[in-house]
Every structure is written in structure tokens, then in C-alpha cells.
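In order, the protein sequence lines correspond to chains U and V. At position 92 of the first sequence (counting the first as 1) the number is 91 in numbering that gives the first Met the number 0, and the numbers step up by one without a gap. At position 198 of the second sequence (counting the first as 1) the number is 197 in numbering that gives the first Met the number 0, and the numbers step up by one without a gap. A virtual CB, placed ideally from N, CA and C, is assigned to each residue, including glycine.
Protein chains: 2
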Amino acid sequence: MTLVPSRRQPANATRCERCTLHARCLPLGLELDALESFEAIVQNPRPLKRGEALVRQGGTFESLFVVRSGSLKQSVAQEGQRDQVTHFYLPGEVVGLDGIGETICYGSVVAMESTFVCELPFGRLEDLAEQLPKLRGQLYRCMSRELRNDQRMMCLLSGRTADQRLASFMLGLSERFRVRGFSPYRFHLSMSRSDIGSYLGLALETVSRVLARFQQQGMVTVAGRELTIHEMEALVALAEEGVGRHSGG
Amino acid sequence: MTLVPSRRQPANATRCERCTLHARCLPLGLELDALESFEAIVQNPRPLKRGEALVRQGGTFESLFVVRSGSLKQSVAQEGQRDQVTHFYLPGEVVGLDGIGETICYGSVVAMESTFVCELPFGRLEDLAEQLPKLRGQLYRCMSRELRNDQRMMCLLSGRTADQRLASFMLGLSERFRVRGFSPYRFHLSMSRSDIGSYLGLALETVSRVLARFQQQGMVTVAGRELTIHEMEALVALAEEGVGRHSGG
DNA sequence: CGTTCCGGTTGATTCATGTCAAGGAAGCGA
DNA sequence: TCGCTTCCTTGACATGAATCAACCGGAACG
Numbered sequence: 000m001t002l003v004p005s006r007r008q009p010a011n012a013t014r015c016e017r018c019t020l021h022a023r024c025l026p027l028g029l030e031l032d033a034l035e036s037f038e039a040i041v042q043n044p045r046p047l048k049r050g051e052a053l054v055r056q057g058g059t060f061e062s063l064f065v066v067r068s069g070s071l072k073q074s075v076a077q078e079g080q081r082d083q084v085t086h087f088y089l090p091g092e093v094v095g096l097d098g099i100g101e102t103i104c105y106g107s108v109v110a111m112e113s114t115f116v117c118e119l120p121f122g123r124l125e126d127l128a129e130q131l132p133k134l135r136g137q138l139y140r141c142m143s144r145e146l147r148n149d150q151r152m153m154c155l156l157s158g159r160t161a162d163q164r165l166a167s168f169m170l171g172l173s174e175r176f177r178v179r180g181f182s183p184y185r186f187h188l189s190m191s192r193s194d195i196g197s198y199l200g201l202a203l204e205t206v207s208r209v210l211a212r213f214q215q216q217g218m219v220t221v222a223g224r225e226l227t228i229h230e231m232e233a234l235v236a237l238a239e240e241g242v243g244r245h246s247g248g
Numbered sequence: 000m001t002l003v004p005s006r007r008q009p010a011n012a013t014r015c016e017r018c019t020l021h022a023r024c025l026p027l028g029l030e031l032d033a034l035e036s037f038e039a040i041v042q043n044p045r046p047l048k049r050g051e052a053l054v055r056q057g058g059t060f061e062s063l064f065v066v067r068s069g070s071l072k073q074s075v076a077q078e079g080q081r082d083q084v085t086h087f088y089l090p091g092e093v094v095g096l097d098g099i100g101e102t103i104c105y106g107s108v109v110a111m112e113s114t115f116v117c118e119l120p121f122g123r124l125e126d127l128a129e130q131l132p133k134l135r136g137q138l139y140r141c142m143s144r145e146l147r148n149d150q151r152m153m154c155l156l157s158g159r160t161a162d163q164r165l166a167s168f169m170l171g172l173s174e175r176f177r178v179r180g181f182s183p184y185r186f187h188l189s190m191s192r193s194d195i196g197s198y199l200g201l202a203l204e205t206v207s208r209v210l211a212r213f214q215q216q217g218m219v220t221v222a223g224r225e226l227t228i229h230e231m232e233a234l235v236a237l238a239e240e241g242v243g244r245h246s247g248g
């Protein structure tokens, strides 16, 4: 790599310690000097405009990214089939874990709003992980957490009704906002109804209808993309409801 | 195999080199002495009877396992909801990656037939990985491969018809058998229709019906759990067919 | 300031697939 | 061999969600 990213100005360099996401980010738990080594490989936050691609399907895999602010979606384009959204990424989440060990990227990742990401060139990250057991552990943990998330998603997709999917989806977002210090009751959906539908395996019309019904029932208020949850309990009950589909027997 | 897990006799110890799965297993690519260190942490193959649990949901996570022969299924029991099958494991595949970094196991893993597994205590594996970059790489690769598989699965579950799901499922198995040196055209399904249905998000009756129809159409022959694929092309065409569900627009 | 486009809502209709039910075949222990 | 059980198949029917279609409101744009 002969590129000249301004490594001359340490003053400008990424300081993870000062980042508000520090407590939820990859370098969590690193000692001070380890953290400095880590910061050294982080490319300065890169801005993305709404709709701009961070990763293109089929492009070469080179880096992991951590969302610093904003949000992104990963989607996979299949043979003459509409794109399918596979993940939404919020601040502090790691993009690209599914590309490790591959040369090309499995899906595209696109910003859903103005977004900043920190880039971690994977080769350098790997080298560093060799020396830092804690970083290695963090990487494993991130990946296995994502494996568990995907499994939950598979359960959601294969066994639950539209209502349950939407309820789980909103609860999942709510929780992710909560642990990031935002309100779990009121937040902005940066994705379109169509994205939600694609992600949850529903037609966008169904998403719209179910949200409307939830609102009618007083569980939530949906004003465009502003979501307010009034009855968290009701949503939880719905999401955990024993009887989804093919529950017979 | 009347083996008495005699750990005193190195003569009896696990020898990955001699294992027929060597080319597809975790220690792939390790040099001779590295391989020996690896073998030292492998517990002798453990036998499981059909229906026996290797891992219990909620049990403590301690080890990864590699299937040596036979097959297993992972399933997740949710709140008053029927179990959901999340994975099938064939020889050479690694069980337990989703438990890394957790203390308890997310799902249960049960043998679908007489099965042998090699146990890899994770703590020791991690220590070893610290010294062996190649092993580390293999671990990353396994995990990210599984992430990609799960994503494919999510796409399958959220966007495809019953026919497409079954076609993909059979093709997937076929490929997995092929790379293991078995016939991709004719193999045994060690899982029940109900397991397949659970895995694919379909009612077991639907599985049965679709298989019957595929047979009627001459694409496959299904005799109980013996599957013969006659028209691989047709299955591929079906699986890749552009128009699944909510493809409108 | 109209036009166009995009995202969202809502209604009518269709269809794939779930559910319920009955019965058959195969494996297994007594 | 008999009964029991588990797995599978097949049919009839019900229904949740997709599809098709029309319309609305706001944003972008000439």
C-alpha cells in the first residue's frame, strides 16, 4: 500500500479513548499502549452520504469498518432477483466480518443517512491481533455474537408471523438504541418500509399495514420514520408469543 | 470401534494426518510440529448414539467439536414454542462456533445417527492459536464462512418459495457430500421431514408434498430418506429462479 | 409553479402454504 | 408375531400474506 494517508499528523489521529462509542467498540478492554497501537491502524473517519456505498458486492475485501455515526444497510443482490437486505448497522457495530478469509465481498453496504465509519485494514488488524490477546478475543466475540444474531434472525424468519417479526424488529432496534444511550422508546427509523420488508421477509405493504394496526391498537405511534413505543410489554408479549407458524402438533 | 479412550497411549492418540477428513478439517495447512501440538489437545473421538445430545441448550460452553462421522442437528428451543432447527452438521464441520465468548450454549446439538466427534477444549485451542497463525486464520475463516452461510440461509428463508427452499436445501447437501468425496447425486437424508421443515421454515407436510411433486416431475427420486437427484440442472434453475416472493415492482 | 418521482398508505383479490385429519409404512421392543 | 410408536403421505380446508392497483404527500427539479 503506497497510499499516503496523513500519518504525519498524530494530532489529527483517531483517539478511541475520546470516542463516545469507546465502551461498545472493538478495542474495548485494551490497555493504554495496546490502544495506541490500535489507534495507529485506524484510518480517520470517512464520511459517507446517504445512498453512498461503503462496500460493493464483488469488490475486494480489505478492511473491516466500525460505524462511528449514522447507519448502513448490507444487501445482497441475487441472480435476477430483487436485492435482499441482510443487516442494518448502527454506531459501534462492525461491518465486514463475513468477508474475513475471502477475497471478495459477499454483499454491498450502503449508508442510509450521513454516516461516518472508521476503517480497519484487515491485514494490519490481524497482525496487531497476533500481539494482543484481548483484541483477538474481541474479534472472536464479535463474530460469534453475529453468528448468534443471525441464528435468531433465522428463527424469526422461519417461524413467526408478520406481527411477530415487526414486534421483534422494533424491540431489537429499541434495545440497540438503549445500550447506546439513546431512548429505547422513541427513535428514528433510518430505513425505508421496503428495506424493513426485505430484511424481515415481508412485502412492504405488509410492513405498512402491520405498523398501522399496531398504532391503531395503541402500542406504538409511527409518524413517517419516527417511531414511539407506548407499550413495550405488549410488543414483548407479541414477540415471544408461543404460537407462530407451524406450531401445530 | 470398541475404543477405550486411553489417553495414556500416544499410539492411540488422535492422528489428524491419518484422518480422511484431514483435507477439510480445522487443522488444515498446519505444519508437522504444529499439527502435533494440535493433536495433543484433541480429545479422542467420542461416540454418540442417535438422539443423544452433544450440547445442551443453556449448558456451559467449553469446547468446539468437529464431526468425524455421522451427523448432528442444532436446535433452539424458544419460549413455549416448538424447537427450531438451525443447523445440520456433516463430517468435517465445526460445532459450537456461536458459543465463543459466551459462557452458555445458545442451542442444543443432537446426533441424528451414530456419530463420532473430536472435542477441542476451547481454552486450549485459543492458547494454541496464539502460537499458530495458521490455526488462527482457520478459525477466522470457519467463523466467517458460517456467517456467510447464515446469510444465505436468511435470504432463502425470507425471499423464496417452498419449492426453491427445498431445491436449495438438496443442492446444498449435494455439494457438501460432493466435496467430501461422496456422490452428489445420491445420498441419505439423516434428518426427518419435520427437521427439514423446521430448518427451512415450512410445515412438514409441505416438505413431503414438494418432494413428492419433484419426484413426480422426474427431478429426483425420494425413497424414504434415500435421495437420488436426476436433474441437477432443473434443481439449480429452480433455486436460482429470479422470481421468488415479494419480487414485485 | 407545475411536473415528476419516491416513499408510503390502503383496498380488493389471489394464492401459497399452514392447519386439521386420517391412514399407511416402517422400525422396535416384548 | 403383535402391538406400539414414530415418521411419512395425502386430502380438504382455512388463512395470512403477497400481489395488483390506485392514490396521497412531500421533495427534487426544471
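Where the beta strand (DSSP E) containing F186 of chain U begins and where it ends:
Unbroken beta strand (DSSP E) run through F186 of chain U: 185-187.
Is it true that the CB of G171 of chain V sits closer than 8 Å to the CB of H245 of chain V?
Judged by their CB atoms, H245 of chain V and G171 of chain V are not nearer to each other than the 8 Å cut-off.
Extent of the continuous alpha helix (DSSP H) to which K133 of chain V belongs:
It spans 132-158 - the alpha helix (DSSP H) in which K133 of chain V sits, taken as one unbroken run.
Within-8 Å CB hit, M169 of chain V to chain U:
No, M169 of chain V does not count as interfacial toward chain U.
In this structure, how does DSSP classify C18 of chain V when only helix, strand and coil are distinguished?
Three-state result, C18 of chain V: coil.
Could you give the DSSP three-state label for I263 of chain U: helix, strand or coil?
Here chain U has residues from 0 to 248 only, and residue 263 of chain U is not among them.
Check distances from the C-beta atoms of the stretch 71-82 of chain V to those of chain U and list, in chain order, the residues that come in under 8 Å.
Within the stretch 71-82 of chain V, the residues whose Cβ lies closer than 8 Å to some Cβ of chain U are V75, Q77, E78, G79, Q80, R81, listed in chain order.
From this set, U:A233, U:R17, U:V109, U:R49, which residue's C-alpha is nearest S74 of chain U's C-alpha?
Of the candidates U:A233, U:R17, U:V109, U:R49, the one whose C-alpha sits nearest the C-alpha of S74 of chain U is U:V109.
Taking its Cβ as the centre, do 16 or more other Cβ atoms sit within 10 Å of R90 of chain V, making it buried, or is it exposed?
Here residue 90 of chain V is Pro; the residue named in the question, Arg, does not match the sequence. By the 10 Å Cβ count, P90 of chain V comes out buried.
Can you give the Cα-Cα distance for K72 of chain U and L63 of chain U, rounded to whole angstroms?
Distance between the alpha carbons of K72 of chain U and L63 of chain U is about 15 Å.
Over what stretch of residues does the alpha helix (DSSP H) that includes F213 of chain V continue unbroken?
It spans 203-215 - the alpha helix (DSSP H) in which F213 of chain V sits, taken as one unbroken run.
For the beta strand (DSSP E) that contains F87 of chain V, what are its first and last residues?
It spans 80-88 - the beta strand (DSSP E) in which F87 of chain V sits, taken as one unbroken run.
Whole-number beta carbon distance between V221 of chain V and L234 of chain V, since they are thought to touch under 8 Å:
Taking the Cβ atoms as the reference, L234 of chain V lies roughly 13 Å from V221 of chain V, outside the contact range of under 8 Å.
For chain U, check one thing: does any of its Cβ atoms lie closer than 8 Å to the Cβ of E30 of chain V?
Cβ-Cβ to chain U under 8 Å: no for E30 of chain V.
Where G196 of chain V falls, given that 16 or more other Cβ within 10 Å makes a residue buried:
Residue burial is scored here from C-beta neighbours: G196 of chain V has at least 16 other C-beta atoms within 10 angstroms and is therefore classed as buried.
Keeping to the same chain, check which residues put their C-beta closer than 6 Å to that of D82 of chain U; ignore five residues upstream and five downstream.
For D82 of chain U, where only same-chain residues beyond five positions count, the Cβ hits under 6 Å are S74, A76.
Neighbour-count burial assignment, Q130 of chain U, 16 or more Cβ in a 10 Å radius:
By the beta-carbon neighbour count (other beta carbons within 10 angstroms, threshold 16), Q130 of chain U is exposed.
Pairs of beta-carbons, one from the stretch 111-131 of chain V and one from the stretch 39-50 of chain V, closer than 8 Å: are there three or more?
Flag = yes, the stretch 111-131 of chain V and the stretch 39-50 of chain V touch.
Is there a Cβ from chain U that is less than 8 Å from the Cβ of G217 of chain V?
Answer no: the Cβ-Cβ gap between G217 of chain V and chain U never drops below 8 Å.
Might you give, ordered along the chain, the residues of its own chain that have their beta carbon closer than 8 Å to the beta carbon of I228 of chain V, omitting 5 neighbours on each side?
Excluding sequence neighbours, I228 of chain V sits near M169, S173, P183, Y184, R185, M218, V219, L234.
Quick check: the Cα distance between N148 of chain V and G180 of chain U, rounded to an integer number of angstroms?
Rounded to whole angstroms, N148 of chain V to G180 of chain U spans 32 Å at the Cα level.
Opposite T59 of chain V in the DSSP bridges: which residues?
BP columns for T59 of chain V point to V:I103.
Do the stretch 131-139 of chain V and the stretch 29-37 of chain V meet, that is, are 3 or more Cβ pairs less than 8 Å apart?
As far as the Cβ criterion goes, the stretch 131-139 of chain V touches the stretch 29-37 of chain V, which means the pair count is three or higher.
Contact with chain U by T85 of chain V, beta-carbon distance below 8 Å:
Closer than 8 Å: yes.
Taking only three categories from DSSP, how would you classify F181 of chain U?
Under the three-state reduction of DSSP output, F181 of chain U falls in the coil class, being neither helix nor strand.
For Q215 of chain U, is the classification buried or exposed, using 16 other Cβ atoms within 10 angstroms of its Cβ as the cut-off for buried?
Q215 of chain U is exposed by the Cβ-count criterion.
With DSSP collapsed to three states, give me the class of V41 of chain U.
It is coil, neither helix nor strand.
My assumption, with CB atoms under 8 Å, is that T85 of chain U sits in contact with Q150 of chain V. Please give the rounded CB distance.
A Cβ-Cβ separation of about 5 Å places T85 of chain U in contact with Q150 of chain V under the 8 Å criterion.
Buried or exposed: which applies to E145 of chain V, given that a residue is buried once 16 or more other Cβ atoms fall within 10 Å of its Cβ?
Taking all protein chains in view, the Cβ of E145 of chain V is crowded by 16 or more other Cβ atoms within 10 Å, so the residue is classified as buried.
Using a cut-off of 9 Å between C-beta atoms, extract the partners of E61 of chain U located in chain V.
Residues of chain V whose Cβ lies closer than 9 Å to the Cβ of E61 of chain U do not exist, since the nearest Cβ in that chain is about 14 Å away.
Of the choices U:E225, U:S107, U:S191, whose alpha-carbon is the least far from that of A52 of chain U?
Cα-wise, what sits closest to A52 of chain U is U:S107.
Residue environment, E204 of chain V, which counts as buried when at least 16 other CB atoms sit within 10 Å:
Classification for E204 of chain V: exposed.
With a cut-off of 8 Å on the beta carbons, I'd call C24 of chain U and V65 of chain U a contact; round off their distance for me.
Contact flag correct, Cβ pair sits at about 6 Å.
Starting from the beta carbon of R144 of chain V, find every residue of chain U whose beta carbon is closer than 8 Å, and list them in chain order.
Within 8 Å Cβ-Cβ: G100.
Proximal residues, the stretch 103-132 of chain V versus chain U, C-beta separation under 7 Å
Within the stretch 103-132 of chain V, those residues whose Cβ lies closer than 7 Å to any Cβ of chain U are, in chain order, Y105, E129, P132.
Is it the case that the Cβ atoms of E61 of chain V and Q163 of chain V are separated by a distance below 8 Å?
No. Outside cutoff.
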